[in-house]
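Asker:
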Amino acid sequence: MFTLVHAADLHLETTFTDVRGGGARRAALADAFVRIVDLARDRGADALTFGGDLYEAQRAGPQTARFLFEHFARFGKPIYIAPGNHDPYAARSLYARDDLPANVRVFAEPDWSAFPLADDLTLYGFGHTPADPPRPFATARFDRPGARIALFHGSDEQRMPPNKRATAPFTLDEIVASGATLALAGHFHGGYVERKGTTQLAYPGSPEPIKFGERGTHGALLVRIDGPQITIEPIELARTRLLDLNVDLSRAGNDHAIGKAFEDALGGAGASDYVRMRLRGALERGTRLDRDLLAERYGAAVGGLEVIDETTIADFAALGEEPNVRGHAIADLLALREAGDPRAEGALRALVAAFDGTEIAP
Amino acid sequence: MILRTLSITGFGRLRDRRFTFAPGLNVIFGENESGKSTLCTAIAATLYGLERRKELWRPWDGGPFATTLAYELKNGREIEVARDYDAKAPRVYDRNGTDLAAELGEGRSLVPGRAHLGIGIDAFWNAAYVRQQQMPIEDGKDVSAVADALAHALDGGPREDAARGALKRIDDALRTHVGTKQARKNAPLRALRERLDEERRSADAARASLATLDELRARIEETALERERLAAAASEAERRIRGRRAGLLRARLADLRAWREQYAEVQAARAVFDDVAAFNADGESEAIDAYHAADTAAALAQRAEEDAERARLSEEETHELADRRADAGRVDDDAFTELTTAAQEAATARSRATAAANEARSVRPAGAAGGFLGAMLALGLVALCAAIGFAIAHDWFWTPICGGIALVLLGVAALQGRGRAVRVRAAAAQQQRADEALAAEGRAAAAIAAILDPIGVLSVEDLTRRRERLADLEAKYTAANAALARAEAARRAATLAGERFDRIAGALVPDVTGPRTAARTAIAQRAARKRERDGIDARLSFLEVQKSTILGTADDYALENELADLLAAGVEPLDDETISLRAIEDERATIVDALRGVERDLAAMQGELTAAERAIPDLPELDEAIAHSEAEIARLEAFERALTLAKETLETRTEEAHSSFARRLEDYAAGTFSTITAGRYGELRVNPATLEITVRIPETQAIEKIEFLSAGTRDQAYLVVRFAMARMFAEGGETPPLLLDDPFAYWDAQRIERCLPIVERGALDGQTLLFTSSDELARAAAARGAQRIDLSAPVYA
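Protein chains in written order, with numbering that gives the first Met the number 0: chain A, 0 to 361; chain B, 0 to 796.
#1: Hey, how far is the Cα of Val719 of chain B from the Cα of Asn95 of chain B?
#2: Which residues does DSSP pair with Asn25 of chain B in a beta bridge?
#3: So if I threshold CB-CB distances at 8 Å, which residues from the region 195-229 of chain B count as touching chain A?
#4: Please name the residues in the region 594-622 of chain B whose beta-carbon is closer than 7 Å to at least one beta-carbon of chain A, in chain order.
#5: Here's the rule I'm using: 16 or more other beta-carbon atoms within 10 Å means buried, otherwise exposed. How should Gly367 of chain A be labelled?
#6: Suppose only complete runs of 4+ residues qualify. What are the alpha helix (DSSP H) ranges in the region 258-327 of chain A, listed by chain order?
#7: Thinking just about the alpha-carbon of each residue, which of A:Gly266, A:Ala39, A:Ala29 and A:Ala81 is nearest to the one in Ala59 of chain A?
#8: When you compare the CB of Leu649 of chain B with every CB in chain A, is at least one pair closer than 9 Å?
#9: Inspect the CB distances between the region 536-547 of chain B and the region 315-327 of chain B and report whether three or more fall short of 8 Å.
#10: Can you give the Cα-Cα distance for Gly218 of chain A and Leu103 of chain B, rounded to whole angstroms?
#11: Using 9 Å as the limit for Cβ to Cβ distance, is Ile757 of chain B near chain D?
#12: For the 8 Å Cβ check, are there 3 or more pairs between the region 252-260 of chain A and the region 227-243 of chain A?
#13: Find the nearest neighbour of Arg695 of chain B within the set B:Ala186, B:Glu235, B:Pro687 and B:Lys704, judged by alpha-carbon distance.
#14: Which residue wins for smallest C-alpha separation from Ala281 of chain A, given the options A:Arg296, A:Arg290, A:Glu295 and A:Asp308?
#15: Where does Ile118 of chain B sit, in a helix, a strand or coil, going by DSSP?
#16: Per DSSP, Glu193 of chain A is paired with what?
#17: With burial defined as no fewer than 16 other Cβ atoms inside 10 Å of the residue's Cβ, what is the status of Trp59 of chain B: buried or exposed?
#18: Pull up the distance between the alpha-carbon of Ala422 of chain A and that of Val4 of chain A, whole angstroms please.
#19: Listing by chain order, which chain A residues have their CB less than 9 Å from the CB of Leu153 of chain B?
#20: Could you check which residue in B:Ile788, B:Phe770 and B:Glu598 has the C-alpha nearest to that of Glu221 of chain B?
#21: Alpha carbon to alpha carbon, how far is Leu49 of chain B from Gly326 of chain A?
#22: Output yes or no for whether 9 Å exceeds the beta carbon distance between Tyr128 of chain B and Asp741 of chain B.
#23: Is it buried or exposed for Asn162 of chain A, if we count other Cβ within 10 angstroms and need 16 for buried?
#24: Name the residue from A:Arg287, A:His152 and A:Ala72 whose alpha carbon lies nearest to the alpha carbon of Pro133 of chain A.
#25: With DSSP collapsed to three states, give me the class of Phe136 of chain A.
#26: Starting from Lys529 of chain B and walking both ways along the alpha helix (DSSP H), at which residues does that stretch end?
#27: CA-CA distance, Glu586 of chain B and Met604 of chain B?
#28: For Arg649 of chain B, which option in B:Phe28, B:Asp154, B:Asn74 and B:Val91 has the closest C-alpha, if you only look at C-alpha atoms?
#29: Within the same chain, show all residues whose beta-carbon is closer than 7 Å to that of Ala233 of chain B, passing over the 5 residues directly before and after it, in chain order.
#30: With DSSP collapsed to three states, give me the class of His393 of chain B.
#31: Pick out whichever of B:Ala230, B:Tyr84 and B:Glu316 has its Cα sitting closest to the Cα of Arg468 of chain B.
#32: Just to confirm my understanding: we take Ala296 of chain B, look at its own chain, exclude 5 residues before and 5 after, and list those with CB closer than 6 Å. What are they?
#33: So, is Asp434 of chain B buried or exposed, given that buried needs 16 or more other C-beta atoms within 10 angstroms?
#34: Do Pro109 of chain A and Gly126 of chain A have their C-beta atoms within less than 9 Å of each other?
#35: Going by C-alpha to C-alpha distance, which of A:Gly267, A:Ser177, A:Lys76 and A:Ala334 sits closest to Ala137 of chain A?
#36: Is Glu71 of chain B closer than 9 Å to Ile1 of chain B when the C-beta atoms are compared?
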């Protein structure tokens with residue numbers, strides 16, 4: 000039986016712009032990589048595979064190389080890497096360095112290369128270079144005897160997230176047509192396994208969540224190949240969470256009540272959680288809401304906290320019916336908002352706050 | 000909207016009271032703190048609810064907290080609103096008892112006042128309520144309070160500074176959170192942009208550093224390859240050096256063997272000349288020189304003898320010599336010099352005399368020339384006489400001709416005469432000189448005779464010949480003596496030279512006897528053999544040097560051991576003599592130098608790489624900072640745009656509303672104010688920007704600010720403005736009741752007289768509740784038909 004551990008999308012040296020605490024999250028990614036190698040060692044894996052985006056080439060520095068190479072060498076057994084769009088193979092990539100540990104093999108071309116792992120087990124690798132790669136499975140034909148594993152980085156067209164550009168796109172049907180027994184992929188950060196007939200497609204997901212809204216597992220895949228039998232066990236490795244929370248401040252008539260509601264909404268979130276808290280509801284007129292104070296006061300308890308104020312401070316429609324200057328001005332702004340003017344919402348809040356004498360702040 | 004009744008179960012200080020209102024003017028009389036404001040608030044609270052300030056109006060005795068208001072709308076519909084302030088929502092019924100909650104809204108959204116009046120509570124207070132002491136401008140008090148109240152009413156909002164204050168707060172917010180272009184210190188947006196630029200520069204620098212690291216790594220790789228190449232070249236050079244060295248060692252050892260053979264041969268050859276080992280060959284040259292010197296000296300002596308013999312004087316010459324000494328020898332050189340000098344002088348004098356006589360003779364024949372001179376002179380005189388004669392005859396033709404001829408002839412005669420005189424003088428001089436010369440000659444001849452006569456010589460020439468002969472003989476005599484002396488010297492020199500040679504030869508070849516030639520020959524022979532032996536010795540010395548060259552500083556055993564070691568190490572000897580060991584060593588040295596240089600460069604680059612790696616900033620951190628700054632800037636820019644839009648919208652609407660009110664006021668005042676002031680003041684204006692009220696003075700037609708008018712006119716004008724505002728808000732909808740809560744400080748008779756008509760007139764357009772603590776006003780109003788309501792009844796039953 001041949002055992003391998005597959006992971007992808009570590010994204011070392013990535014930036015986190017949705018919520019603060021990027022340094023801690025990058026450290027968490029590095030820890031996750033160590034856990035992947037530990038997992039492979041502990042489970043006695045015969046090989047370790049990576050489906051791309053191990054690091055972000057535009058920010059990788061000398062310590063990135065030292066860190067990766069140290070743990071590559073620590074694993075000791077063969078490691079196979081199919082570079083992705085964030086870590087493409089190029090003359091100056093980490094994969095091209097002459098101090099890359101000897102147990103690491105990189106698939107450096109956007110074309111399939113076969114590598115026998117055992118008599119009846121072949122690994123086919125497809126690597127990204129800086130140029131956009133073609134559809135990897137469009138003309139692929141894998142015909143060596145035994146199990147055929149395709150290692151690559153690409154987009155499953157049938158599960159594309161909205162507004163995301165496909166890279167090295169493919170379909171499960173194309174994988175089936177190629178003759179691959181198992182496709183070990185990378186690129187989507189939410190892991191999943193899909194089967195069609197005897198062909199399986201598996202994304203391990205990123206070892207730690209990278210962006211809010213990612214669905215699926217975050218960790219690595221333990222793959223056991225015993226002749227024609229291939230079993231895939233997803234192993235959750237993530238220790239951080241990205242939480243999108245909402246808090247309704249409609250009943251909060253003062254900043255103390257706001258704080259209480261905020262704290263309740265945070266619940267049990269802790270130092271490994273990165274929270275995006277949306278403030279919603281209609282605040283009572285004159286209620287003081289200091290977004291920055293909330294972030295400062297409650298941010299220390301979690302890994303990172305971003306507060307988004309979506310509260311409404313007034314019944315704009317009712318105010319817009321008043322036969323006075325304020326009413327007419329609000330009516331004008333409501334019309335602009337209706338027409339899709341992005342300034343209108345902020346203008347409404349500012350106008351009402353200006354008349355009320357409450358703070359006008361971004 | 001016309002209020003009909005208000006039942007207060009419990010509201011503030013009021014409990015269990017019921018008030019009935021008339022459609023027009025209602026005057027509610029009550030002392031201070033009797034509940035007038037409470038009643039106003041109860042009306043508004045029943046219509047709109049209390050929200051945040053509910054507890055302020057909870058009944059003091061803690062009993063039920065409720066009011067009920069009945070009113071009639073413009074369309075005749077009768078509505079009753081019963082509000083329990085501890086309940087969630089009021090109950091609203093029509094005349095038929097139908098619950099209007101579904102029609103008007105549910106729960107907190109059920110606001111009868113908004114539903115029926117079409118305005119919110121803030122607008123209601125602004126439009127329908129005139130609070131205590133808001134209206135009049137007392138002399139000396141701030142006039143802006145009226146404009147503020149007007150603005151508050153027109154603009155809306157809970158604050159008295161209304162739109163102006165809102166605009167200012169918007170500007171303040173922009174200044175505080177965004178900053179202005181002119182601001183130097185507080186300009187958050189500009190500061191953020193500058194920070195973003197700085198962060199971008201830092202990130203770019205970090206990226207450049209990473210790129211530099213990559214380049215450095217590439218250079219290190221290239222340099223490492225070069226090092227390997229040089230190391231291999233150095234190894235190859237070392238191999239060739241060892242090979243060549245082995246070859247050279249082998250050659251040297253062969254040379255050494257050859258050398259030994261040659262050395263033995265030469266030593267054997269040398270032994271043949273051992274008999275002359277001690278011979279001093281250096282003495283040969285001296286001996287030969289001495290031999291030659293002796294031989295030469297003997298020859299010279301012989302020749303000198305012969306010369307001396309030839310140079311001896313004959314007997315005749317000896318006698319002649321004695322004679323010449325006796326005559327010419329007695330005239331010394333000084334005397335001879337005198338003699339010759341005198342002879343020369345005499346000759347000179349003779350010549351001079353001859354020349355002078357000749358000269359004098361040459362001048363004399365010039366006597367013939369005297370005849371010519373005389374002829375000329377005569378002819379000239381004749382011509383002159385003729386000229387004179389012609390002149391006397393007045394013959395002017397021949398006068399000048401004869402005159403000219405006379406002139407010419409006389410001129411020529413004059414010239415001739417002069418010349419002749421000169422010649423005569425010259426001849427005389429010459430003759431004198433000749434005479435002198437002759438005298439000198441005589442003296443010289445005497446001097447010569449004085450010398451020659453004693454020695455019997457006749458002439459100077461003879462003496463000269465004798466002297467010459469004497470000189471010759473003397474010279475010959477001297478030469479003969481010299482030759483004799485030389486011959487003697489030569490004999491002595493030859494003897495010495497011969498003795499010298501004998502000494503030298505005796506030292507060199509003591510065993511050789513006989514003639515000197517024999518000794519000379521023996522010396523030469525032995526010297527030659529000695530030289531030959533020395534040559535062999537030199538050859539041997541050369542061979543010794545050659546050996547040193549072959550061996551160098553080592554000995555032959557060391558060379559053999561070294562060769563054996565090299566061969567044992569597997570070195571392949573290189574015998575190619577065209578390959579110079581030195582050249583290979585130089586080549587290796589060059590390679591090693593280059594290798595060291597490359598290693599130094601490599602170490603330096605690796606050091607540089609290590610240092611550079613340590614200095615690489617955290618690029619993800621920088622990129623995140625940039626993203627956060629960009630987001631913050633976007634947020635501020637959106638904030639700026641939103642506030643700018645709010646400001647523009649507010650300014651537009653403010654200008655519009657104030658201008659509109661100004662127009663309406665003018666229209667309303669044109670009728671009302673003129674009527675009330677009996678036509679005195681017809682034109683009331685308000686500045687839309689400042690809401691400052693002005694009035695046209697009829698006497699001067701000037702527009703004056705209202706604060707400059709009399710107190711009475713001011714009161715009237717303010718009331719007109721207030722009613723105009725209420726009308727404006729009511730346009731298109733229900734007219735809210737106007738609640739005048741003791742608007743003036745006090746109502747004296749004059750004020751009552753001038754303001755009450757305005758209030759009455761205003762009440763014609765809409766129900767008016769005038770709250771007052773002036774009994775006089777209450778009576779006056781009631782007298783004019785107003786509904787009077789007293790609050791003086793006890794608060795609690």
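Just so you know, even glycine gets a beta-carbon here, dropped at the ideal spot from N, CA and C.
Answerer: A quick look at the data gives this:
#1: The sequence position of residue 719 of chain B within the second sequence is 720, counting from 1. The sequence position of residue 95 of chain B within the second sequence is 96, counting from 1. Spanning the two alpha carbons is a distance of roughly 39 Å.
#2: As a first step, residue 25 of chain B must be located in the second sequence, where it is residue number 26. Answer is B:Leu768 and B:Gln786.
#3: Arg206, Leu209, Leu212, Asp213, Arg216, Ala217 and Glu220
#4: Within the region 594-622 of chain B, the residues whose Cβ lies closer than 7 Å to any Cβ of chain A are, in chain order, Glu612, Ile615, Leu618, Pro619, Glu620 and Asp622.
#5: Since the first and last residues shown for chain A are 0 and 361, residue 367 of chain A lies out of range.
#6: Taking only runs of at least 4 residues, the alpha helix (DSSP H) segments lying wholly in the region 258-327 of chain A are 290-298 and 315-318.
#7: In the first sequence, the residue the question calls residue 59 of chain A occupies position 60. Of the listed residues, the one whose Cα sits closest to Ala59 of chain A is A:Ala29.
#8: Mapped onto the second sequence, residue 649 of chain B falls at position 650. Yes - at least one Cβ of chain A is within 9 Å of the one on Leu649 of chain B.
#9: Remark: fewer than three beta-carbon pairs, one from each stretch, lie closer than 8 Å, so the region 536-547 of chain B and the region 315-327 of chain B are not flagged as touching.
#10: Position 219 of the first sequence holds residue 218 of chain A. Position 104 of the second sequence holds residue 103 of chain B. Using only the alpha carbons, I get a separation of about 57 Å.
#11: The structure shown contains no chain D; its protein chains are A and B.
#12: The region 252-260 of chain A is not in contact with the region 227-243 of chain A.
#13: Counting from 1 along the second sequence, the entry for residue 695 of chain B is found at position 696. Ranking B:Ala186, B:Glu235, B:Pro687 and B:Lys704 by Cα distance to Arg695 of chain B puts B:Lys704 first.
#14: On the first sequence, position 282 is the one that residue 281 of chain A refers to. Nearest of A:Arg296, A:Arg290, A:Glu295 and A:Asp308 to Ala281 of chain A, Cα basis: A:Asp308.
#15: What you label residue 118 of chain B is simply residue 119 of the second sequence in a count that begins at 1. Three-state DSSP puts Ile118 of chain B in coil, outside helix and strand.
#16: As a position in the first sequence, residue 193 of chain A is number 194, starting the count at 1. DSSP lists A:Leu200 as partners of Glu193 of chain A.
#17: In the second sequence, residue 59 of chain B corresponds to position 60, counting from 1. Classification of Trp59 of chain B: exposed, given that the 10 Å Cβ count is below 16.
#18: Residue 422 of chain A is absent from the model: chain A starts at 0 and stops at 361.
#19: Mapped onto the second sequence, residue 153 of chain B falls at position 154. Result: Asn323 and Val324.
#20: On the second sequence, position 222 is the one that residue 221 of chain B refers to. Checking every option, the nearest Cα to that of Glu221 of chain B belongs to B:Glu598.
#21: On the second sequence, residue 49 of chain B is found 50 positions in, with the first residue counted as 1. On the first sequence, residue 326 of chain A is found 327 positions in, with the first residue counted as 1. Rounded to the nearest angstrom, the gap between the Cα atoms of Leu49 of chain B and Gly326 of chain A is 21 Å.
#22: Reading the second sequence from its first residue, position 129 is the one you call residue 128 of chain B. Reading the second sequence from its first residue, position 742 is the one you call residue 741 of chain B. No, the pair does not count as a contact, with Cβ atoms beyond the cut-off.
#23: Taking the first residue of the first sequence as 1, we reach residue 162 of chain A at position 163. Label assigned to Asn162 of chain A: exposed.
#24: Taking the first residue of the first sequence as position 1, residue 133 of chain A is located at position 134. Measuring from the Cα of Pro133 of chain A, the nearest candidate turns out to be A:His152.
#25: The count along the first sequence starts at 1 and reaches residue 136 of chain A at position 137. In the structure shown, Phe136 of chain A sits in coil (DSSP, three-state: anything other than H, G, I, E or B).
#26: Counting from 1 along the second sequence, the entry for residue 529 of chain B is found at position 530. Its alpha helix (DSSP H) spans residues Arg515 to Leu550.
#27: For this step, residue 586 of chain B is matched to residue 587 along the second sequence. For this step, residue 604 of chain B is matched to residue 605 along the second sequence. Straight-line Cα distance between these residues: approximately 27 Å.
#28: On the second sequence, position 650 is the one that residue 649 of chain B refers to. In the sequence as presented, Arg is not what sits at residue 649 of chain B; that position holds Leu. The shortest Cα separation from Leu649 of chain B among B:Phe28, B:Asp154, B:Asn74 and B:Val91 belongs to B:Asp154.
#29: Reading the second sequence from its first residue, position 234 is the one you call residue 233 of chain B. Same-chain partners within the cutoff: Arg587, Ile590, Val591 and Leu594.
#30: The residue given as residue 393 of chain B occupies position 394 in the second sequence. Reduced to three states, the DSSP call for His393 of chain B is coil.
#31: For the purposes of this step, residue 468 of chain B is taken as residue 469 along the second sequence, with counting starting at 1. Measuring from the Cα of Arg468 of chain B, the nearest candidate turns out to be B:Glu316.
#32: As a position in the second sequence, residue 296 of chain B is number 297, starting the count at 1. Counting only Cβ-Cβ distances below 6 Å, and skipping sequence neighbours, we find Ala492, Ala493 and Ala496.
#33: The residue labelled residue 434 of chain B in the question sits at position 435 within the second sequence. Exposed, by the Cβ-count rule.
#34: Within the first sequence, residue 109 of chain A is the residue found at index 110, counting from 1. Within the first sequence, residue 126 of chain A is the residue found at index 127, counting from 1. Yes. Within cutoff.
#35: Here residue 137 of chain A refers to the residue found at position 138 when the first sequence is read from its first residue. Answer by Cα proximity: A:Ser177.
#36: Along the second sequence, one-based indexing puts residue 1 of chain B at 2. Along the second sequence, one-based indexing puts residue 71 of chain B at 72. In contact: Ile1 of chain B and Glu71 of chain B (Cβ atoms closer than 9 Å).
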